[in-house]
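Report on one structure; see the data block that follows.
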Ligand SMILES: [Zn+2]
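In this note's numbering, the protein residues as written are 1 to 222.
See below:
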């Protein structure tokens, strides 16, 4: 489930010309600088890795922050097994998502709690100002903004993110898998309810003016 909706050229890779920066989450050009060479690391990984033993630094053109690499592994900033956020995730939601991602490998429950909070921050971006997710979802459904599959995704997110933080609902062993699913689910919701809408709106705005006027005229007739 990790890396959903992220084309291969966006994933950070050793010596890639561009990738999605782990600091600013922007698809940006990268400068590369060799650092030093560790012979033992080369001996250990030789068959697997043409860059084995070579430490290097990549620097993001967008935010100018650096990532450190040993062989083909990014070793700084701290990696996470949780997926990166999708591009259209709003900033305040993304800040909590990234925090959840950073703690996920240490505490799935902690990550679950942060994702629950990230989820509640999403509603104003969907046009609903309610603090309680249950009410917010009901409102979205009422105004026709969350048809079936989207409503199910929202309710799954609401119920499961609650359960991961409360004792006894999700067993200790199942927690990482459940929280990993929540990362995927939040990305899915942002894609469906923000990215796809944005794409359609942009395409619609590029229709010739007379076509858009004809549509407006058609819809004005009751
Ligand atoms: Zn950056």
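All C-beta atoms in this analysis are idealised placements derived from N, C-alpha and C, irrespective of residue type, glycine included.
Looking at ligand 1, does it come within less than 6 Å of residue i, judged from the CB to the closest heavy atom?
i, result
"residue 97", "no"
"residue 62", "yes"
"residue 23", "yes"
Let me check understanding here. Comparing Cα to Cα, which of the options lies closest to residue i?
i, options, result
"residue 184", "156, 143, 218, 209", "156"
"residue 118", "89, 135, 144", "89"
"residue 20", "59, 95, 34", "59"
"residue 186", "22, 143, 96", "96"
"residue 225", "35, 94, 108, 91", "Residue 225 lies beyond the residue range present for the chain, which begins at 1 and ends at 222; the question has no answer from this structure."
"residue 151", "123, 163, 129, 113", "123"
"residue 103", "179, 163, 131, 188", "179"
"residue 227", "131, 26, 166", "This structure cannot settle anything about residue 227, because the visible part of the chain is limited to 1 through 222."
"residue 86", "217, 195, 201", "195"
"residue 114", "130, 165, 217", "165"
"residue 24", "56, 198, 57, 65", "65"
"residue 169", "204, 126, 112", "112"
"residue 189", "162, 175, 145, 204", "145"
"residue 121", "143, 35, 154", "154"
"residue 105", "209, 175, 162", "175"
"residue 22", "191, 204, 76", "76"
"residue 198", "134, 126, 98", "126"
For residue i, list the residues DSSP reports as bridge partners.
i, result
"residue 69", "56, 74"
"residue 14", "Per DSSP, none; premise fails for residue 14."
"residue 142", "In the DSSP output, where bridge partners are listed per residue, residue 142 has none listed."
"residue 34", "56"
"residue 20", "27"
Validate contact between the segment 199-213 and the segment 138-156 using beta carbons, cut 8 Å, 3 pairs: No, the segment 199-213 does not touch the segment 138-156.
At least 3 beta-carbon pairs within less than 8 Å: the segment 11-20 vs the segment 65-84: Touching, yes, given that three or more Cβ pairs across the two stretches are closer than 8 Å.
Secondary structure, alpha helix (DSSP H): runs of 4+ residues fully inside the segment 79-137: Restricting attention to alpha helix (DSSP H) runs no shorter than 4 residues, the segment 79-137 encloses them at 91-103, 108-122, ordered along the chain.
Secondary structure, alpha helix (DSSP H): runs of 4+ residues fully inside the segment 148-217: List check, alpha helix (DSSP H) in window: 148-165, 175-190, 196-205.
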